[in-house]
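Under this note's numbering, the first residue of the sequence shown is numbered 4, with each subsequent residue one higher.
Cβ atoms here follow ideal geometry from the backbone N, Cα and C, with glycine treated the same way.
Please read all numbers here as calculations on a predicted model, not as lab measurements.
Input: a single structure, listed below in structure tokens.
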Amino acid sequence: MNNATNLVITMDGTCGSGKSTIAKRLAERLGFIYLDTGAMYRAVTWKALRSPVDLSDREGLIELAGKTEIRLRRGEEGTKVFADGQEVTEVIRTPEVTNAVKFLADLPEVRRHLVAEQRRIAASRSVVAEGRDTGTVVFPQADYKFFVDAPLEVRTERRFREFEKKGVKISQGEVRDDLEKRDHADRSRPVGALRLAPDGIVIDTGDTEDIETNLNKIISYIKTT
Ligand code: DC
């Protein structure tokens with residue numbers, strides 16, 4: 004157990020598996036903080052893109068990450084993300100940020116800093132932490148560890164439909180290639196790579212994308228273990 008009063012539940016997994024939606028809903032259901040670690044990497048990246056620091060400048064990026072104050076605040080409409088006091092919840096989701104995150108997420112010093120922040124957030128509250136390394140690196144003593152995944156073809160089909168709904172012109176092949184590229188980046192990251200914790204529970208969302216069904220599967224573990 005992490006601590007007598009605060010629970011830590013981790014949710015790692017692949018892009019497009021549905022882990023974010025599940026983690027968010029689980030946190031709401033339990034009244035825990037939704038600790039979106041990806042949003043923290045995104046927020047620092049967003050700031051870097053607006054700074055004179057070049058993405059190839061390691062030292063510059065490390066310094067910038069150390070100086071950025073990231074806050075996650077729970078409100079009526081879910082958790083909002085702030086970087087140096089400015090709300091960035093939506094602007095950190097653009098393709099520009101998504102494509103640049105790896106420059107920061109691959110730097111061990113940046114990860115060390117953000118991991119320390121993530122532990123600080125969980126020190127005083129119960130959390131559902133979502134990301135790639137939350138069960139392996141950030142919270143190896145977590146109370147429950149989940150690993151959410153689905154076959155690449157299923158994730159491609161779902162992402163493609165989402166894009167279609169939004170009117171974004173993209174082919175299935177492009178969606179598939181992008182997911183494959185991100186899987187590779189996540190699994191081969193020099194530090195904090197995506198992998199299943201030895202005591203992690205795999206949740207395969209390939210059979211159904213019904214959130215309630217997948218959520219109930221997770222909750223059943225939390226109650227019975
Ligand atoms: O989950 P997401 O797509 O919002 O994550 C954004 C990026 O941050 C993604 O490229 C993977 C990276 N990331 C990471 O390296 N470690 C984490 N714990 C969470 C996200």
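In this structure, the ligand DC has a non-hydrogen atom nearer than 6 angstroms to the beta-carbon of V104. Its chain contains L110, E112, V113 as the residues whose beta carbon lies nearer than 7 angstroms to that of I65, once the 5 sequence neighbours on both sides are disregarded; these appear in chain order. For V91, there is no enclosing beta strand (DSSP E), since its DSSP letter is neither H nor E.
By the neighbour-count criterion, in which 16 or more other beta carbons inside 10 Å mark a residue as buried, K172 falls on the exposed side.
The three-state secondary structure of V131, taken from DSSP, is strand.
Shown here for T71: same chain residues with a beta carbon closer than 8 angstroms to its own, the five before and five after excluded, namely A46, V47, K50, A86, D87 in chain order.
Between E120 and M43 a beta carbon distance of about 7 angstroms is seen, short of the 8 angstroms cut, so the two are scored as contacting. Contact between D15 and T137 holds: CB atoms are separated by about 6 angstroms, below the 8 angstroms threshold. In this structure L182 touches L155 by the C-beta definition: roughly 6 angstroms separates them, less than 8 angstroms.
By alpha-carbon distance to S20, the top candidate from H116, T13, T211, A108 is T211. Between the alpha carbons of E167 and R96 lies a distance of about 18 angstroms. DSSP places F149 within a strand segment (E or B) once states are collapsed to three.
Under the three-state reduction of DSSP, L29 is assigned to helix. In the DSSP assignment, D39 falls outside any alpha helix (DSSP H) and lies within the beta strand (DSSP E) extending over 36 to 39.
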